[in-house]
Amino acid sequence: MKKTAIVGVVLALGAAVAAPALHGQSGNGSNGNGVVSLRGQAAIDETTRPPELKRWQRDRGPMPRDHVGQPPLIPHSIKGYKINLKFNKCLTCHSWANASEADAPRVSVTHFKDREGNVLGNVAPGRYFCTQCHVPQVDAPPLVENTFKPLPTIRQGH
0 MKKTAIVGVV LALGAAVAAP ALHGQSGNGS NGNGVVSLRG QAAIDETTRP PELKRWQRDR
60 GPMPRDHVGQ PPLIPHSIKG YKINLKFNKC LTCHSWANAS EADAPRVSVT HFKDREGNVL
120 GNVAPGRYFC TQCHVPQVDA PPLVENTFKP LPTIRQGH
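Quick note on numbering that gives the first Met the number 0: the sequence shown kicks off at 0 and runs consecutively.
#1: Using three-state DSSP, classify P140 as helix, strand or coil.
#2: So, does the region 41–54 touch the region 126–146, judging by three or more C-beta pairs under 8 Å?
#3: Please state whether DSSP places I153 in a helix, a strand or coil.
#4: Between T47 and A101, what straight-line distance do the alpha-carbon atoms span, to the nearest angstrom?
#5: Can you give me the C-alpha to C-alpha distance between L142 and T91, rounded to a whole angstrom?
#6: Within 8 Å, do at least three Cβ pairs link the region 32–44 to the region 119–130?
#7: Please classify I73 as buried or exposed, where buried requires at least 16 other C-beta atoms within 10 Å of its C-beta.
#8: Rounded to the nearest angstrom, what separates T162 and P61 at their Cα positions?
#9: When you compare only the Cα positions, how much space is there between V67 and F86?
#10: Leaving out five residues on either side along the sequence, give the residues of the same chain with a beta carbon under 7 Å from the beta carbon of H93.
#11: Could you spell out the range, first to last residue, of the alpha helix (DSSP H) harbouring H93?
#12: State yes or no: is the C-beta of N89 within less than 7 Å of the C-beta of C132?
#13: Between which two residues does the alpha helix (DSSP H) harbouring A98 extend?
#14: Within the same chain, show all residues whose beta-carbon is closer than 8 Å to that of D113, passing over the 5 residues directly before and after it, in chain order.
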């Protein structure tokens, strides 16, 4: 039993050491393609300073979407918002019961369907944790430069 456990640990350690090389990673934060991780060049076991916190963008109206099917972006700070199994702060304003009074968009009807397409009386469990798809914006440069441009037909309604 001890030999099996020791062999297992040795194999696991060997795989952990070999994995970066197999995936073209040098172990210094670079993936071999010139892209550097957010940790910078620090080794994984090295303690680094936390990144500088970015400023949330100020509260504003709905933000334009860049592609069909993109979840709406959150146009306000959600600092301190609590979303757990018993409470969802987002629904304080965005539930169908409260949206008119809060002058906020209602949760989409798609959020009331389960995986099998059954319509439920409340937000479906798979759609309850809003920040899985919806994200607030910060004033920060892109992590990776790109030349993405949304289709002009997508931007027309905004």
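Yeah, the Cβ is synthetic: ideal placement off N, Cα and C, and Gly gets one too.
Let's see:
#1: Here residue 140 refers to the residue found at position 141 when the sequence shown is read from its first residue. The answer is coil: DSSP assigns P140 none of H, G, I, E or B.
#2: Between the region 41–54 and the region 126–146 there are three or more C-beta pairs closer than 8 Å, enough to call the two in contact.
#3: Residue mapping note: residue 153 aligns to position 154 of the sequence shown, counting from 1. Secondary structure at I153: helix, using DSSP grouped into helix, strand and coil.
#4: Here residue 47 corresponds to residue number 48 of the sequence shown, with the count starting at 1. Here residue 101 corresponds to residue number 102 of the sequence shown, with the count starting at 1. Roughly 42 Å separates the two Cα atoms.
#5: The residue labelled residue 142 in the question sits at position 143 within the sequence shown. The residue labelled residue 91 in the question sits at position 92 within the sequence shown. About 33 Å.
#6: Result no; under three Cβ-Cβ pairs closer than 8 Å.
#7: The residue you call residue 73 lines up with position 74 of the sequence shown. In summary, I73 is buried, with 16 or more beta-carbon neighbours lying within 10 Å of its beta-carbon over all protein chains present.
#8: One cannot answer for residue 162 here, as it falls past the ends of the chain, which runs 0 to 157.
#9: As a first step, residue 67 must be located in the sequence shown, where it is residue number 68. As a first step, residue 86 must be located in the sequence shown, where it is residue number 87. Roughly 30 Å between the two C-alpha positions.
#10: Counting from one through the sequence shown, the residue named residue 93 turns up at place 94. Within the same chain, H93 has close Cβ partners A103, P104, R105, V106.
#11: For the purposes of this step, residue 93 is identified with residue 94 of the sequence shown, where counting begins at 1. Its alpha helix (DSSP H) spans residues 90–93.
#12: Locating residue 89 in the sequence shown gives position 90, counting from the first residue. Locating residue 132 in the sequence shown gives position 133, counting from the first residue. Sequence inspection shows Cys at residue 89; the Asn mentioned does not correspond to that position. Contact annotation: C89 and C132 have beta-carbon atoms that are not nearer than 7 Å.
#13: The sequence position of residue 98 within the sequence shown is 99, counting from 1. Residues 98–101.
#14: Stepping through the sequence shown from its first residue, residue 113 is reached at position 114. L119, A123, P124, G125, listed in sequence order.
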